[in-house]
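Residue numbers (my numbering), protein chains in the order written: chain Z, 992 to 1469; chain F, 992 to 1469. Idealized CB from N, CA, C, for every residue including glycine. To start, the structure under review is shown below, and the notes come after it.
Protein chains: 2
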Amino acid sequence: MIDPVKITDPTVEEDTQSEALLMENSHQSKFDVVLLSVRRLLKRGAMANLTNLINRLHPADIARVIMHLDSPQERQTIFELVEGIPEQGQVVSELSEEMIPQVLEDRNAAEITWMLRSVPADDVAYILGVLPDERTQEILPLMKAEESQEVVNLMAYPKGTAGSIMTTEFLALPEGTTAQEAIQRLQQATKAETVFYIYVTDPNEKLSGVVSLRELLVVAPTTPLKNMLTREVLSVTVDTDQEEVARQVATYNLLAIPVVGDDGRLVGIITVDDVVDVIREEDTKDMLKMAGTAEEDAEMHRSSLQAVGLRLPWLFTNLVGSLVSGFILWWFRFTIQEVVVIVAFIPVIAAMSGNLGLQSSTLIIRGLATGRVDLSDIWKVVSRELRIGLALGVICGTLLLMVGWAWQGSGVFGAVVGGALLITFLISASLATVTPLMLKRFKIDPAVAAGPFITTAMDITGVTIYLGLATMMLEHFR
Amino acid sequence: MIDPVKITDPTVEEDTQSEALLMENSHQSKFDVVLLSVRRLLKRGAMANLTNLINRLHPADIARVIMHLDSPQERQTIFELVEGIPEQGQVVSELSEEMIPQVLEDRNAAEITWMLRSVPADDVAYILGVLPDERTQEILPLMKAEESQEVVNLMAYPKGTAGSIMTTEFLALPEGTTAQEAIQRLQQATKAETVFYIYVTDPNEKLSGVVSLRELLVVAPTTPLKNMLTREVLSVTVDTDQEEVARQVATYNLLAIPVVGDDGRLVGIITVDDVVDVIREEDTKDMLKMAGTAEEDAEMHRSSLQAVGLRLPWLFTNLVGSLVSGFILWWFRFTIQEVVVIVAFIPVIAAMSGNLGLQSSTLIIRGLATGRVDLSDIWKVVSRELRIGLALGVICGTLLLMVGWAWQGSGVFGAVVGGALLITFLISASLATVTPLMLKRFKIDPAVAAGPFITTAMDITGVTIYLGLATMMLEHFR
């Protein structure tokens, strides 16, 4: 078993044991312990121990260590300790966009080309896509003509499409191939990291079906593939949105889904491990969008300055929106000055309706992403949220009525605060449900605008309704 | 290719064509179109067309249709139209917890047992786990002794552990088996839905390594498995948290991960398609927890009453918290009555610091879930968020200073609102970063408390700091 903390060098052994104790006490993960050791050894300059430790890790873990280090120098130091060119290539393919140019900075084009030889074409396209253009132009001519053509093709697909995440390494054989020939082809295939299925194509290179490896073993060796293939195969096109690909692979429990070009020819496959990355990435994007920042902000190594740039637009929108709320408060200043206790219920109305809206919109946005909610459910969903908003509004409104009544000894005052809460709850529930559904219908990402928009809109409407009601009450009972 | 809207019955054809037009206009998905057709045909009572439509769908899509219908009667009607007992079993295994007892209500124990015969043991355990106890007790004795024992064992693992999501259908062979024998075993295996690897065990039934199907084909037929196996195999134990399993499978791009019991014996495997479900489920949970509701609320068929129960606790906490904010406002009533414009900046301070906190905490919670943030990064992360908070506080504070100054013609007043914003930003950034990390360290789910806690805490501190500063200013300049 791969065990990241099983280290034989005696010096490191000591370190590890003390940290193993630490782990039991404070529930740190094994990875945290490795990271602590790497940082400590870097500080001590204990290169022999560091080499030992690093080369016992899985390439994905080495990449993770590199991404958690603070300076480009440290990242380069660790990367240089990775033994073996193919291993270095694997580490590079697991790094994030910004890290790749950093660790490859001192390497010449020939070295990088050598490193990429062991990396699948889709990962090569990713790596070359994030290197400076002039480096890419140096590297491409050094690759085998066939491979560089494939990489160039892959780099042409826009980000977020099936084409951009597919691999071109799959086994496709003509319908007439026999089971035995297929097994021979399988034995010769070198880069066949992802063989779960053999794809069978007709004379026009169009996908006619799949054969699983297991089926190949069960039939007589002379059986042609066309007699054993499963013809009902789901496929996507190169332009299909990666989120849609992920949804299909997840729904139908697929290991891989074939990708066809505009002409119907089989051009690649997307494997489930890439789908896992897409799902995590899309879900992260949704959550960050709702909080008013972007995917790039999740990369902790990005500079604070970039994060400021990403977060500022939403905070600025919020500044304007809340100044509007503030202006409405000021507009009602005579009401407030006359009955100052009115001010005490402003945070309640604003916060509560904002939160109810957040609950509804999160539910819808999440439901749309996972497929639990569909556009055809719109009325069902809206009426459900309205019923929930009504029930919660009645409960919380009644509580507020009693608080207001008890505090001010006035049932009318209690009714104003309770009633205002109920009304804002109903508006909040409808707005928070309809907005993401409408955005989705017009092909705008529901997560983008729903969070910020609803919070700001609810602050303004909540305050207006409450102070309007309070003013009416004052005028009536004056 | 499976095409959910390719329908041959002429009556339905008509329906579908009009809806295909609809689809192009309003960007509805194919599934939405199917759902609309099902609803329409149900209303018309067009059972022949409905049978035709339903039996062209993938079992996962039939389950999805059932889960979107409104009444238990409709759900049962559709379920009864599914042709073939094995197909019915597959549909049941894709349904959510609440739906299963509904669709199986009229079936006797023998029928259900027959249905479950084609369903893998882990799904059987799931189905029996959600049926009423007395039904389960009727069904278990009707199953083959060996299978029912396996199901009972699986049902004993607590929800959320590796044991509860693993399948017991995998191929494990002793080290001495030859490649040829292994291929024969593979050919005999009936329920081997998930054979990507052959697991090789030592004489004590402990896992000694894996052999891929491809490797089996490449070696001489007499080679024993022990000469070709990969010994470095990651594994988890039955108690491992499902989120940790998901992280390992995702990080190392695995197709399946073996699960060992407390005695080190191989007891099951978890395949990547189950991991995809876990990731979606865990991410949904996190998002809903941050919005103050629970996973169950995401199931749209749950009654509104249940949703009210799930959302009320957080709204109630929020009610108390915002009443505290309100009380603080009331406490400072003399300040407010003296300079009523102070009230206009309350929403700005409260909303802005709440939003900055939401950005920081979402980032940390998400980072912890995806592994981008580790506990050992704590100081790095806190200092990054503080720097960002400082920069954003200076920018937004300066803007606010200018607004305050311009409005009131008083630099001091501008400085109070700008300064208050800066201070609350710094507090918000620290609190929002440290809280989820602390919760994680004490093994509490960071998503549970971070959202609600931070919003409420920031409302209270923001208001106190702002009004405190404003009062000090008034006393100074009186």
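Suppose contacts are defined by Cβ-Cβ distances below 8 angstroms. Is residue i in contact with residue j by that definition?
i	j	result
F/Thr1353	F/Pro1443	no
F/Ile1356	F/Met1281	yes
F/Ala1397	F/Asp1277	no
Z/Val1373	Z/Val1425	yes
F/Leu1107	F/Gly1075	no
Z/Leu1033	Z/Glu1078	no
F/Asp1232	F/Thr1152	yes
F/Val1110	F/Val1094	no
F/Asp1023	Z/Leu1366	yes
F/Ile1103	F/Val1073	no
F/Val1229	F/Gly1120	no
F/Val1201	F/Leu1177	no
F/Leu1393	F/Ile1261	First, the amino acid is wrong: residue 1393 of chain F is Met here, not Leu. No; because the gap between Cβ atoms is not below 8 angstroms, this pair is not in contact.
Z/Pro1149	Z/Pro1123	no
F/Phe1161	F/Tyr1190	yes
F/Glu1287	F/Gln1297	yes
F/Val975	F/Leu1246	Given that chain F is displayed from residue 992 to residue 1469, the structure contains no residue 975 of chain F and the question cannot be resolved.
Z/Leu1026	Z/His1059	yes
F/Val1029	F/Leu1041	yes
Using only CA atoms, which one of the options lies nearest to residue i?
i	options	result
F/Leu1310	Z/Asp1365, Z/Leu1207, Z/Gly1384	Z/Gly1384
Z/Ile1418	Z/Ser1344, Z/Met1429, Z/Leu1366	Z/Ser1344
F/Ile1174	F/Pro1212, F/Gly1402, F/Ser1139	F/Pro1212
Z/Val1334	F/Ala1411, F/Leu1027, F/Trp1321, F/Glu1102	F/Trp1321
F/Phe1468	F/Phe1416, F/Glu1272, F/Val1403, F/Ala1420	F/Val1403
Z/Glu1138	Z/Thr1159, Z/Leu1026, Z/Ala1406	Z/Thr1159
F/Gly1300	Z/Leu1306, Z/Arg1271, Z/Trp1105, Z/Ile1379	Z/Ile1379
Z/Val1439	Z/Thr1447, Z/Pro1427, Z/Arg1432	Z/Pro1427
F/Ile1045	F/Arg1035, F/Val1394, F/Gly1255, F/Thr1068	F/Thr1068
F/Leu1306	Z/Gln1350, Z/Arg1030, Z/Leu1041, Z/Ala1051	Z/Gln1350
Z/Thr1452	Z/Ile1414, Z/Leu1391, Z/Leu1303	Z/Ile1414
Z/Lys1197	Z/Asn1043, Z/Ala1406, Z/Thr1389, Z/Gly1255	Z/Gly1255
F/Ile1386	F/Phe1416, F/Arg1098, F/Arg1375	F/Phe1416
F/Gly1400	F/Gly1362, F/Arg1047, F/Pro1437, F/Val1332	F/Val1332
Z/Ala1051	F/Leu1422, F/Asp1061, F/Gly1362	F/Gly1362
Tell me whether residue i sits in a helix, a strand or coil according to DSSP, three-state version.
i	result
F/Asn1016	Bear in mind that a pLDDT of 36 at F/Asn1016, under 50, signals an unreliable position, so the number given afterwards is only what the model happens to contain. Helix, per DSSP.
Z/Ser1203	strand
Z/Glu1010	Note on Z/Glu1010: pLDDT 36, under 50, position unreliable in the model; the coordinate value appears next. Of the three classes helix, strand and coil, the one that applies to Z/Glu1010 here is helix, per DSSP.
Z/Arg1035	helix
F/Val1299	helix
Z/Tyr1243	coil
Z/Ala1282	coil
Z/Leu1220	coil
Z/Val1229	coil
F/Val1364	coil
F/Pro1249	strand
Z/Ile1435	coil
F/Lys1197	strand
F/Pro1443	helix
Z/Val1094	helix
F/Val1110	coil
F/Pro1188	Correcting the residue identity first, residue 1188 of chain F is Tyr in this sequence and not Pro. Looking at F/Tyr1188 - three-state DSSP - the assignment turns out to be strand.
Z/Arg1324	helix
So residue i and residue j are supposed to be a Cβ contact under 8 angstroms. How far apart are they, rounded?
i	j	result
Z/Ile1435	Z/Gly1348	Incorrect: roughly 18 angstroms between the Cβ atoms, too far for contact.
Z/Ala1112	Z/Glu1071	With a Cβ gap of about 26 angstroms, Z/Ala1112 and Z/Glu1071 do not count as contacting.
Z/Leu1412	Z/Ile1337	Wrong, their Cβ atoms sit about 12 angstroms apart, outside the cutoff.
F/Val1236	F/Val1224	No, F/Val1236 and F/Val1224 are not in contact; Cβ-Cβ is about 14 angstroms, not under 8 angstroms.
F/Gly1410	F/Gly1395	So it is not a contact: roughly 10 angstroms between Cβ atoms.
F/Val1210	F/Ala1147	With 8 angstroms as the limit, F/Val1210 and F/Ala1147 do not qualify as a contact, their Cβ atoms being about 39 angstroms apart.
Exercise for review: Say whether the stretch 1161-1180 of chain F touches the stretch 1121-1134 of chain F, bearing in mind that this needs 3 or more beta-carbon pairs closer than 8 angstroms, one atom from each stretch.
Suggested key: No: fewer than three Cβ pairs fall under 8 angstroms.
**Study point:** Stretch pair the stretch 1237-1246 of chain F + the stretch 1255-1268 of chain Z: three plus CB contacts closer than 8 angstroms
**Key:** yes
Point to revise | Contact the stretch 1446-1466 of chain F vs the stretch 1322-1335 of chain F: 3+ CB pairs below 8 angstroms | key: yes
Review point. Counting Cβ pairs closer than 8 angstroms, one from the stretch 1083-1098 of chain F and one from the stretch 1287-1294 of chain F, do we hit at least three?
Key: yes
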